[in-house]
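Since the structure comes first, as structure tokens, the remarks are kept for the end.
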Amino acid sequence: SMAGATPVFADVDPETGTLDPAAFEAAITPQTAGVIPVHLYGCPANMDAIVKIARRHSLLVLEDAAQAHGARYKERRVGGLGDAAAFSFYPSKNLGAYGDAGAVVTRDPVLANKVRLLRHGGQRQASYHELPGTNSRLDEIQAAVLRVKQAYLDGWNERRRALAKRYDAGLQDCEGLALPVTPEEVEHAFYVYVVRTHLRDGLRDYLAGTGVSTGIHYPVCVHLQAAYAHLGYEVGSCPNAEEAAATVLSLAIFPQLTAGEVDQVVRMVRIFFAVRE
Ligand SMILES: *Cc1c(COP(=O)(O)O)cnc(C)c1O
Numbered sequence: 511s512m513a514g515a516t517p518v519f520a521d522v523d524p525e526t527g528t529l530d531p532a533a534f535e536a537a538i539t540p541q542t543a544g545v546i547p548v549h550l551y552g553c554p555a556n557m558d559a560i561v562k563i564a565r566r567h568s569l570l571v572l573e574d575a576a577q578a579h580g581a582r583y584k585e586r587r588v589g590g591l592g593d594a595a596a597f598s599f600y601p602s603k604n605l606g607a608y609g610d611a612g613a614v615v616t617r618d619p620v621l622a623n624k625v626r627l628l629r630h631g632g633q634r635q636a637s638y639h640e641l642p643g644t645n646s647r648l649d650e651i652q653a654a655v656l657r658v659k660q661a662y663l664d665g666w667n668e669r670r671r672a673l674a675k676r677y678d679a680g681l682q683d684c685e686g687l688a689l690p691v692t693p694e695e696v697e698h699a700f701y702v703y704v705v706r707t708h709l710r711d712g713l714r715d716y717l718a719g720t721g722v723s724t725g726i727h728y729p730v731c732v733h734l735q736a737a738y739a740h741l742g743y744e745v746g747s748c749p750n751a752e753e754a755a756a757t758v759l760s761l762a763i764f765p766q767l768t769a770g771e772v773d774q775v776v777r778m779v780r781i782f783f784a785v786r787e
């Protein structure tokens, strides 16, 4: 939007919540410049299909890897699967700084230079502005924190996967509860562990009453946000995304969470669905 482009929203795969390649292809017009697949929840999008379609139409592929640091798609890390990728180092992310931070990665030196200009007020050298840019510099304190934490990322992600597996095992027979689906070619980073149920709001309230906090990622689809009301999207235009918004619930997951804590969440969810041992 800030680049002057008009976003066009395409629906997601109903199981993973990542961009549906067929919906993406159907949305392409002669005006289309690129595609921004989101590796939602830490699950890499279906990149082989997406990149293939993009190449056929000469479109840029920009990965939103903000939730998927370290995740792999067919053995390859996210961030290197398209033309460029954006990472967020907001403190809650798998790799988080001590405040706001982020990075763009690309193999294209021309694009890299342009991003360097844009992050620094469009300046190539002090006081000479080549482009209208912004202030998006990563300050040294954040860089120092990230430099230390980076070495722990793979271990933390491994721990997230182990906790996800524990949730899977504990909740697999809860009728009315759908567990996250991990495609075979993917190594998930589990930024969040998201279950789905039509009893979402009741379950969330029940868990809150027992001291178990949960999250909703996300309650309102982008195409239905007030910020994009002028684009005229209506309810029903991305039905899979809308169904997800109405049913998703995130259970606690972070590397320091203990197995006992996972078991307690599992116990409470099972009591809610009245699945007795
Ligand atoms: C966090 C996040 C962003 C935004 O990152 P900021 O660092 O807040 O700009 C973008 N996309 C996704 C998928 C995110 O999770």
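Residue numbers for the sequence shown follow my numbering, beginning at 511 and rising by one. Idealized CB from N, CA, C, for every residue including glycine. In this text the structure is predicted, and so the values were computed from the model without any measurement.
6 Å Cβ shell around residue i - same chain, five flanking residues per side excluded
i    : result
L648 : A611
E787 : For E787, the predicted model reports a pLDDT of 46, less than 50, meaning its position is unreliable and no value from the coordinates is stated.
Y701 : Y551, G552, Q577 and N604
V790 : Outside the shown range of the chain, which is 511 to 787, sits residue 790, and nothing can be said about it.
G632 : H639, E640, L641, P642 and G643
K584 : E695
Check whether residue i and residue j have beta carbons under 9 Å apart
i    : j    : result
F519 : I560 : no
P524 : A674 : no
V705 : L767 : no
G589 : A564 : no
D574 : N556 : no
A756 : H708 : yes
P765 : G665 : yes
P517 : Y738 : yes
R676 : V772 : yes
F599 : V615 : no
S747 : H733 : yes
L572 : A594 : yes
A532 : L569 : no
Y716 : L761 : no
Buried versus exposed call for residue i [16 or more other C-beta atoms within 10 Å across all chains shown]
i    : result
T539 : exposed
I651 : exposed
R670 : buried
V745 : exposed
V620 : exposed
G527 : buried
F782 : buried
T724 : buried
N623 : exposed
H740 : exposed
T720 : exposed
N667 : buried
R714 : buried
R472 : This structure gives no information on residue 472, because the portion of the chain shown stretches from 511 to 787.
One or two residues paired with residue i in a DSSP bridge
i    : result
N645 : H630
S760 : V704 and G725
Q541 : In the DSSP output, where bridge partners are listed per residue, Q541 has none listed.
S598 : G612
Q774 : Paired residue(s): none; Q774 is not in a bridge.
L529 : V522
Y551 : DSSP lists no partner for Y551.
H639 : Q633
R587 : R582
V696 : Y583
L504 : Outside the displayed span of the chain (511 to 787) sits residue 504, for which this structure offers no information.
A688 : R706
Cβ neighbours of residue i in the same chain (closer than 8 Å, five flanking residues each side left out)
i    : result
L681 : L687, L689, V705, V776, V779 and R780
L663 : H579, G580, N604 and L605
G742 : none
A613 : A596, F597, F599 and L648
N645 : R629, H630 and G631
Cβ neighbours of residue i in the same chain (closer than 7 Å, five flanking residues each side left out)
i    : result
A751 : D521, V522 and C731
K659 : L605
A607 : F599, P601, Q652, V655 and L656
A769 : R676
Residue i: CB within 8 Å of a non-hydrogen atom of ligand 2
i    : result
D773 : Here the bound small molecules are ligand 1; ligand 2 is not part of this structure.
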